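> Input: one structure, supplied below.
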Amino acid sequence: MTDITSNSASSPGRRIIRIRVLGVGGAGCNAVEQMAALPLEGVDYTVLNTDQAALQRITHANRQLLGPQTTRGLGAGGEPERGRKAAEEDAQMLRQLCDGADLVFIVAGMGGGTGTGAAPVVARIAREAGALAVAIAITPFHCEGVHRQKRAASGLQTLRAASDSVICLPNEKILAALDEKTQLSDALRQVN
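With this note's numbering as the guide, the letters of the sequence shown map in order to residues 27 to 218.
Take a look at the structure:
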């Protein structure tokens, strides 16, 4: 965790602010993996996913499989309820990750299974551990379909209720800021 210091009138001297960045689900893991590749000194980066194969591709951040009994490491199958159950299964591990942190950033894509279902559980547990829980929610492209958009909207509502603050990053708006000649793989890298 990072050692950011603060001087205030009420507490002379130095106070260390402990920060954790947690990526949840595929999009969250990809984003946090890129952050961890160029880390801020002392910030702890951990990715959480129900998909064991996806976790194996992570090389810079700490990795944790969520819900091995619930998903058997095969992912949430686009089902937020399965993602939620996987996070609840590992509530104690999540509590240990958040213990001692002052600020926990939860980065997750909305619309799939793990990010949509597990991120609110992670945020709730971070708050219960005494941390400020700030979620960064990535919403899907319009071309991903109405069903995914509706799941994302519902998940975002649940995430807002569980977090202290939510920053919403719509993929569509980020894509609009890129050159139209940008290849899809480069666009996704930019989004992350």
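In this text, a Cβ means the ideal position worked out from N, Cα and C, and glycines have one as well. Keep in mind the model is a prediction, meaning the values are calculated, not measured.
#1: Closest by CA to Glu154, which one among Glu115, Arg121, Gly104, Gly68?
#2: Given this structure, state the Cα-to-Cα distance separating Ala179 from Ala188, to the nearest angstrom.
#3: Alpha helix (DSSP H) containing Ser191: first to last residue?
#4: Buried or exposed for Cys169, going by 16 or more other Cβ atoms inside 10 Å?
#5: Taking 8 angstroms as the threshold (C-beta atoms), are Gly109 and Gly156 in contact?
#6: Identify every run of the alpha helix (DSSP H) within the segment 109-153, keeping only runs that are complete inside it and at least 4 residues long; order them along the chain.
#7: Should the segment 109-119 be called in touch with the segment 82-89, which here means at least 3 C-beta pairs below 8 angstroms?
#8: What three-state label does DSSP hand Ile42 in the structure shown?
#9: Decide if Lys111 is buried, meaning its Cβ has at least 16 other Cβ atoms within 10 Å, or exposed.
#10: Roughly how many angstroms separate the alpha carbons of Glu67 and Ala134, rounded to a whole number?
#11: Between Ala163 and Val192, which are expected to be in contact by the criterion C-beta below 8 angstroms, what is the C-beta distance as a whole number of angstroms?
#12: For the alpha helix (DSSP H) that Leu185 lies in, which residues bound it at each end?
#13: Which residue wins for smallest C-alpha separation from Gly137, given the options Ala149, Glu107, Gln175?
#14: What beta strand (DSSP E) runs, 3 residues minimum, are completely inside the segment 33-107?
#15: Is Lys111 close to the ligand FAD? I mean its beta-carbon at under 7 angstroms from any heavy atom of the ligand.
#16: Hey, Thr142 and Arg177 are a contact pair by Cβ (cut 8 angstroms); roughly how many whole angstroms apart?
#17: Name the DSSP beta bridge partners of Ile164, please?
#18: What residue from Arg186, Asp190, Pro166 has the CA that sits closest to Lys199's CA?
#19: Leaving out five residues on either side along the sequence, give the residues of the same chain with a beta carbon under 7 angstroms from the beta carbon of Arg150.
Put simply:
#1: Arg121
#2: 14 angstroms
#3: Run containing Ser191: none in the alpha helix (DSSP H); it sits in the beta strand (DSSP E), 191-196.
#4: exposed
#5: no
#6: 117-124
#7: no
#8: DSSP places Ile42 in strand when its eight states are reduced to three.
#9: buried
#10: 22 angstroms
#11: 6 angstroms
#12: 172-188
#13: Gln175
#14: 41-43, 45-50, 70-75, 88-91
#15: You won't find the ligand FAD in this model; it holds no ligand whatsoever.
#16: Indeed, because the Cβ distance is near 6 angstroms, the residues count as touching under 8 angstroms.
#17: Note: Ile164 sits in a beta bridge opposite Gly135, Leu195.
#18: Pro166
#19: Ala188
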